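Engineer: Once you've had a glance at the structure underneath, I'll fire off some questions.
Residue numbers (the numbering used here), protein chains in the order written: chain A, 1 to 486; chain B, 1 to 640.
The structure is reproduced here in structure tokens:
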């Protein structure tokens with residue numbers, strides 16, 4: 001029986017869920033006369049802070065498994081939760097500036113974003129595949145609507161529809177995988193599955209099929225090759241803040257789930273599966289990088305870049321799955337955080353320059369902006385350098401830890417592919433810098449006014465530089481949380 | 001805990017001054033007092049922190065040190081470096097000099113830069129320099145020291161080329177940077193060698209190890225220390241890397257005083273004193289240091305004899321005085337070398353600032369031949385400069401006397417020293433007395449040769465106040481380090497040496513009291529003679545000079561052209577490298593490297609163009625990819 005004390009662990013999600021409802025409730029109660037967008041933003045940010053406080057409070061204690069193993073509140077869940085809350089906060093600020101500049105209502109955005117975050121928080125703590133699935137659906141359904149809320153009418157609706165169709169398809173695959181695992185192991189609890197994984201991987205093809213379907217479902221959300229094809233279309237069509245949310249928050253939770261599976265050695269029973277995963281990782285990064293080279297639209301470019309990064313993160317997952325060493329896991333968690341921060345920053349800059357009437361900017365539109373808007377130029381350059389993995393940014397340290405862990409555990413080929421791919425990626429990241437600083441401004445592009453996007457840009461830039469110079473405060477918690485898993 | 005905060009404020013105050021001036025203060029002349037005020041305040045706060053830390057240190061017992069670790073910085077494969085700082089007797093004195101003299105020079109700059117169009121930029125660089133210098137001296141490992149080492153190099157470059165519109169000044173900045181790079185490479189190699197051999201770069205760990213002295217050139221300690229010494233020759237302008245310092249005078253004069261006289265150029269000495277326990281284990285290196293120091297002291301002093309630019313004279317004098325410091329540490333008298341570092345910081349900063357005051361009052365005239373008789377027009381500058389002059393030529397009871405004499409005595413008496421080294425030192429001191437007196441004579445004494453159109457004026461109080469403080473320090477600054485032989489008569493202890501006693505392991509001097517007194521007498525008498533000679537020549541009977549110059553034309557040409565060192569470096573090193581890189585660029589780079597990379601990009605872009613067709617917006621197709629992905633995976637898994 002769930003006790004009251006166990007319910008305490010649901011506090012972060014409960015708080016978020018309650019706060020997500022406040023703005024729209026006020027709107028309904030006052031007869032469609034809603035509070036100002038600024039008030040709405042303040043309410044939602046307050047909710048995130050409260051929820052964060054609850055998470056940190058939980059983090060003080062030891063790891064807990066509650067509701068008969070359905071939810072796990074360990075250090076890794078706490079680490080990811082904090083990441084999710086930070087990402088959601090940034091997303092709210094970005095959304096606010098996008099919505100506010102057009103005088104639209106913000107209350108629905110807040111509801112959907114926070115609800116999506118509730119789904120994410122559920123997923124990071126899931127100790128049972130059914131709970132994972134519930135979290136996944138809460139998160140995804142909110143996202144389907146959010147994507148369709150974009151002002152770019154046709155593209156946005158098309159993107160929402162595509163993501164919905166394919167997302168449902170992927171969810172079905174995921175669920176089918178869960179069903180097969182339940183059929184072979186008699187449980188959906190991760191801990192039970194883990195105890196039987198080694199034996200069943202060798203004997204039961206159904207079990208292997210279940211694992212593959214599970215990975216395909218997750219692979220869809222993190223845009224792993226060949227489940228990635230939706231990514232550029234959807235990122236381009238969605239409102240920029242939501243693209244940022246999907247590129248960071250969704251990937252963070254899905255990879256956390258994958259990391260949990262990996263650390264429980266559910267993936268490593270079958271040697272061939274690891275080979276397949278390696279091939280997929282390399283294909284993902286190579287495909288992402290090579291296609292990104294040909295992109296002119298900045299949001300598509302960032303979409304392909306996020307595909308490539310999924311490949312790098314897969315390297316960390318694969319190493320974690322086959323080792324008893326916590327280095328790779330810690331590196332993966334750390335990289336997820338760095339990746340999220342630098343991507344939000346990059347999207348935030350796009351958000352500022354995105355003009356209402358022209359929609360998405362192409363890379364050439366950034367010509368000369370580095371000198372016209374020094375602060376934004378420096379920030380954008382920092383994010384590009386970090387994405388390319390050049391010191392002194394967090395992106396460098398993150399890649400360094402991942403590839404170092406791969407080499408340490410003998411995955412030298414993977415590390416080499418990773419480094420070659422990083423080299424490839426420098427081409428298109430630096431192309432942005434070339435436009436910023438070495439080309440003339442072609443026509444007037446004015447950044448939107450307002451503090452919120454700029455706040456996000458400054459905060460993420462500071463974080464990226466701190467992570468690049470003094471990574472310990474971020475890496476050590478990751479290390480501790482992964483060490484607790486083994 | 002309080003100490004942690006003090007160290008943090010000490011470091012962060014100039015850093016925030018840099019950020020505020022660099023980001024928020026507008027670049028125009030109207031804001032010069034604001035920018036200067038912010039920078040001076042930042043530096044003043046640092047000084048207060050340094051003072052409190054120093055006092056805390058004196059209250060702690062012997063072998064005391066304040067250690068603060070802020071962050072774990074790097075921890076890769078056994079290589080550990082924290083962001084940790086250490087205030088001990090050595091770095092305690094350094095931070096006092098850096099922030100104390102630094103604050104005075106900041107204050108002085110408010111007046112000096114009052115006509116400059118970009119004061120905020122200047123002050124932000126100056127603050128950044130202070131921060132980096134503090135990191136250099138406080139850093140608890142070689143790597144952090146290297147961060148500061150590079151940082152001060154960068155600031156030095158930025159400030160030398162501060163008036164970069166003038167190509168000559170920009171080139172001077174570049175020269176300083178490039179020459180320093182050579183030294184920095186040496187420092188890095190030394191750092192790696194030390195890590196390779198002793199598996200640590202942290203000072204507090206290294207200082208606990210025992211180093212067995214080794215003979216010859218090829219021992220690991222000798223090579224490591226020699227590499228570090230190459231770094232020191234770059235930063236502290238010793239033979240063969242001294243060429244950048246005279247050119248560095250292109251920067252604003254306060255910069256010359258702060259960076260190129262009092263603080264940055266002494267970093268090499270500081271590094272050797274900090275690592276004295278390693279250096280003593282390499283007698284060969286010590287020998288090299290002493291010889292290079294003595295040679296530089298003599299060589300630079302001789303060039304100083306016939307320079308006509310007031311700042312160039314002081315620059316060569318600085319190179320020469322740095323030579324003395326190296327001579328001191330090279331014969332194992334670390335505390336004596338370090339003592340000279342301190343007194344030199346006082347009197348040389350004073351003389352540079354005095355020169356700046358003269359240049360300011362003369363409306364940017366730097367040629368001493370066009371000065372003369374300034375004593376009456378600029379009395380404060382004159383009397384303070386006089387103190388600096390008395391100190392540098394080694395007048396008894398002035399600060400320079402105690403420190404220089406201690407070095408000379410150690411060079412004579414230490415087991416690592418020799419009579420030849422001592423002779424070189426004395427000869428250098430004689431020349432120093434000559435060129436400094438010449439400088440005084442041409443600038444302040446005698447008849448005025450100032451152009452009638454120039455209205456000479458005394459500098460404002462913000463500039464003269466620092467001069468007065470430094471003048472007092474130039475006099476009394478040496479009293480903390482009175483040698484035992486003299487001190488025992490008056491019953492005064494050698495406070496400075498006792499202070500450093502536990503952190504620095506001097507090589508004991510051998511020699512009798514009589515020898516010490518007589519060597520001292522000889523050097524003072526010779527210097528006095530030389531000063532009198534210069535006075536006679538340049539004040540009493542300047543008409544003899546052209547005749548003398550004609551008689552020794554060859555020698556005079558050689559010296560006044562600085563022995564053609566710059567020209568030789570260009571012929572032997574720079575020109576061949578430029579030629580070679582031209583060739584490499586034209587043949588290897590354009591024909592081979594460029595073509596290969598273009599080919600590669602074409603291939604990659606071509607692939608990309610094809611791959612992007614995969615994503616064509618067709619949802620059904622995307623779903624098919626997913627299905628194929630799963631089927632292919634499964635078939636691979638089940639076929640095996």
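Beta carbons are placed, not taken as given, at the ideal position from N, Cα and C, and that holds for glycine. Note that the structure is a prediction, hence the values are computed from the model and not measured.
(1) For residue 208 (chain B), is the classification buried or exposed, using 16 other Cβ atoms within 10 angstroms of its Cβ as the cut-off for buried?
(2) So what's residue 309 (chain B) in DSSP terms, helix, strand or just coil?
(3) So, helix, strand or coil for residue 362 (chain A), using DSSP?
(4) In terms of residues, what are the limits of the alpha helix (DSSP H) holding residue 93 (chain A)?
(5) For the 8 Å Cβ check, are there 3 or more pairs between the stretch 211 to 225 of chain A and the stretch 266 to 273 of chain A?
(6) Where do the ends of the alpha helix (DSSP H) carrying residue 38 (chain A) lie?
(7) Closest by CA to residue 130 (chain B), which one among B:46, B:60, B:68?
(8) So with CB distances below 7 Å, who are the chain B contacts of residue 102 (chain A)?
(9) Suppose you measure from the CA of residue 196 (chain A) to the CA of residue 477 (chain A); what does that come to, to the nearest Å?
(10) Note down, in chain order, every chain A residue with its Cβ under 7 Å from the Cβ of residue 612 (chain B).
(11) With DSSP as the reference, label residue 416 (chain B) as helix, strand or coil.
(12) Please report the distance separating the alpha-carbon of residue 357 (chain A) from that of residue 145 (chain B).
(13) For residue 493 (chain B), which residues in the same chain have their Cβ closer than 7 Å to its Cβ, ignoring the five residues on either side in sequence?
(14) Name, going along the chain, the residues of the stretch 139 to 170 of chain A whose beta-carbon falls closer than 9 Å to a beta-carbon of chain B.
(15) Check whether the stretch 173 to 182 of chain A touches the stretch 216 to 232 of chain A, counting contact only when three or more Cβ pairs, one atom from each stretch, lie closer than 8 Å.
(16) Anything in chain A within Cβ reach of residue 98 (chain B), meaning under 7 Å, just list it in chain order.
(17) In chain order, what residues of the same chain have a beta carbon less than 6 Å from the beta carbon of residue 343 (chain A), not counting five sequence neighbours either side?
(18) If you run the structure through DSSP and keep just helix, strand and coil, what is residue 409 (chain A)?
(19) Does the separation of the CB atoms of residue 417 (chain A) and residue 279 (chain A) fall below 8 Å?
(20) Between residue 134 (chain B) and chain A, is there a C-beta pair that is closer than 8 Å?
(21) Which chain A residues sit within Cβ distance under 7 Å of residue 623 (chain B)?
(22) Within a Cβ cutoff of 7 Å, which residues of the same chain sit near residue 136 (chain B), ignoring the five residues on either side of it in sequence?
(23) Which first and last residues belong to the beta strand (DSSP E) in which residue 65 (chain A) is found?
(24) Are residue 119 (chain B) and residue 251 (chain B) closer than 8 Å when you measure CB to CB?
(25) For residue 469 (chain A), tell me which candidate among A:426, A:161, A:391, A:444 has the shortest Cα-Cα distance.
(26) Which of helix, strand or coil does DSSP assign to residue 26 (chain B)?
(27) Rounded to the nearest angstrom, what separates residue 27 (chain B) and residue 112 (chain B) at their Cα positions?
(28) Given a cut-off of 8 Å on the beta-carbon distance, is the pair residue 269 (chain B) and residue 279 (chain B) in contact?
(29) Would you grab the beta carbon distance between residue 372 (chain B) and residue 442 (chain B) for me? Rounded to a whole angstrom, and I think it's under 8 Å.
(30) Taking Cβ-Cβ distances shorter than 7 Å, what residues in chain B pair up with residue 205 (chain A)?
(31) Going straight from the alpha carbon of residue 106 (chain B) to that of residue 15 (chain B), what length do you get?
(32) Would you say residue 233 (chain A) lies against chain B (beta-carbon separation less than 8 Å)?
(33) Once DSSP output is grouped into helix, strand and coil, what is the label at residue 115 (chain B)?
(34) Can you say whether residue 239 (chain A) is buried or exposed, counting buried as having 16 or more other CB atoms within 10 angstroms of its CB?
(35) Pairs of beta-carbons, one from the stretch 311 to 322 of chain A and one from the stretch 247 to 262 of chain A, closer than 8 Å: are there three or more?
(36) Does the separation of the CB atoms of residue 454 (chain B) and residue 378 (chain B) fall below 8 Å?
Structural biologist: On the basis of the supplied data:
(1) Reading the second chain from its first residue, position 208 is the one you call residue 208 (chain B). Under this definition residue 208 (chain B) is an exposed residue.
(2) Along the second chain, read from residue 1 onward, the residue named residue 309 (chain B) stands at position 309. Looking at residue 309 (chain B) - three-state DSSP - the assignment turns out to be strand.
(3) Here residue 362 (chain A) is taken as the residue at index 362 of the first chain, counted from 1. In the structure shown, residue 362 (chain A) sits in a strand (DSSP, three-state: E or B).
(4) If you number the first chain from 1, residue 93 (chain A) lands on position 93. Element bounds for residue 93 (chain A): 75 to 100.
(5) yes
(6) Translated into the one-based positions of the first chain, residue 38 (chain A) becomes position 38. Run containing residue 38 (chain A): 37 to 60, per the alpha helix (DSSP H) assignment.
(7) If you number the second chain from 1, residue 130 (chain B) lands on position 130. Here the closest residue by C-alpha is B:46.
(8) Residue numbering aside, residue 102 (chain A) sits at position 102 when the first chain is read from its first letter. Residues of chain B passing the Cβ test: none, with the nearest at roughly 26 Å.
(9) In the first chain, the residue the question calls residue 196 (chain A) occupies position 196. In the first chain, the residue the question calls residue 477 (chain A) occupies position 477. Roughly 30 Å separates the two Cα atoms.
(10) The residue labelled residue 612 (chain B) in the question sits at position 612 within the second chain. Near residue 612 (chain B) (Cβ distances below 7 Å), the residues of chain A are 291, 294.
(11) For the purposes of this step, residue 416 (chain B) is identified with residue 416 of the second chain, where counting begins at 1. Coil at residue 416 (chain B), not helix or strand.
(12) Within the first chain, the letter at position 357 stands for residue 357 (chain A). Within the second chain, the letter at position 145 stands for residue 145 (chain B). The predicted model places residue 357 (chain A) with a pLDDT of 49, which falls under 50 and marks its position as unreliable; any figure quoted below should be read in that light. Spanning the two alpha carbons is a distance of roughly 53 Å.
(13) The sequence position of residue 493 (chain B) within the second chain is 493, counting from 1. The residues are 487.
(14) 158, 161, 162, 165, 166, 169, 170
(15) yes
(16) On the second chain, residue 98 (chain B) is found 98 positions in, with the first residue counted as 1. Correct list: empty, because the minimum Cβ distance to chain A is about 23 Å.
(17) If you number the first chain from 1, residue 343 (chain A) lands on position 343. Closer than 6 Å at the Cβ level, and outside the excluded window around residue 343 (chain A), lie 247, 248.
(18) The residue you call residue 409 (chain A) lines up with position 409 of the first chain. The answer is coil: DSSP assigns residue 409 (chain A) none of H, G, I, E or B.
(19) Position 417 of the first chain, counted from the start, is the residue given in the question as residue 417 (chain A). Position 279 of the first chain, counted from the start, is the residue given in the question as residue 279 (chain A). Result no, Cβ atoms of residue 417 (chain A) and residue 279 (chain A) do not sit closer than 8 Å.
(20) Within the second chain, residue 134 (chain B) is the residue found at index 134, counting from 1. Not an interface residue.
(21) As a first step, residue 623 (chain B) must be located in the second chain, where it is residue number 623. Going along chain A in sequence order, the residues near residue 623 (chain B) (Cβ under 7 Å) are 166, 169.
(22) In the second chain, the residue the question calls residue 136 (chain B) occupies position 136. These residues qualify, in order along the chain: 145, 148, 149, 152, 267.
(23) The residue labelled residue 65 (chain A) in the question sits at position 65 within the first chain. Note, residue 65 (chain A): beta strand (DSSP E), 64 to 66.
(24) Residue mapping note: residue 119 (chain B) aligns to position 119 of the second chain, counting from 1. Residue mapping note: residue 251 (chain B) aligns to position 251 of the second chain, counting from 1. No, the Cβ-Cβ distance between residue 119 (chain B) and residue 251 (chain B) is not below 8 Å.
(25) Position 469 of the first chain, counting from 1, holds the residue named residue 469 (chain A). Checking every option, the nearest Cα to that of residue 469 (chain A) belongs to A:391.
(26) Looking up residue 26 (chain B) in the second chain gives position 26. DSSP places residue 26 (chain B) in coil when its eight states are reduced to three.
(27) By one-based count along the second chain, residue 27 (chain B) stands at place 27. By one-based count along the second chain, residue 112 (chain B) stands at place 112. Rounded to whole angstroms, residue 27 (chain B) to residue 112 (chain B) spans 17 Å at the Cα level.
(28) Translated into the one-based positions of the second chain, residue 269 (chain B) becomes position 269. Translated into the one-based positions of the second chain, residue 279 (chain B) becomes position 279. No, the pair does not count as a contact, with Cβ atoms beyond the cut-off.
(29) Walking along the second chain from the start, residue 372 (chain B) turns up at place 372. Walking along the second chain from the start, residue 442 (chain B) turns up at place 442. Right, the Cβ-Cβ distance comes to about 6 Å (below 8 Å), so this counts as a contact.
(30) What you label residue 205 (chain A) is simply residue 205 of the first chain in a count that begins at 1. Residues of chain B passing the Cβ test: 638.
(31) In the second chain, residue 106 (chain B) corresponds to position 106, counting from 1. In the second chain, residue 15 (chain B) corresponds to position 15, counting from 1. Each residue's Cα considered, the two are about 15 Å apart.
(32) Position 233 of the first chain, counted from the start, is the residue given in the question as residue 233 (chain A). Closer than 8 Å to some Cβ of chain B, the Cβ of residue 233 (chain A) qualifies, so yes.
(33) Along the second chain, read from residue 1 onward, the residue named residue 115 (chain B) stands at position 115. In the structure shown, residue 115 (chain B) sits in coil (DSSP, three-state: anything other than H, G, I, E or B).
(34) In the first chain, residue 239 (chain A) corresponds to position 239, counting from 1. Residue 239 (chain A) comes out buried.
(35) yes
(36) Along the second chain, read from residue 1 onward, the residue named residue 454 (chain B) stands at position 454. Along the second chain, read from residue 1 onward, the residue named residue 378 (chain B) stands at position 378. Contact: no.
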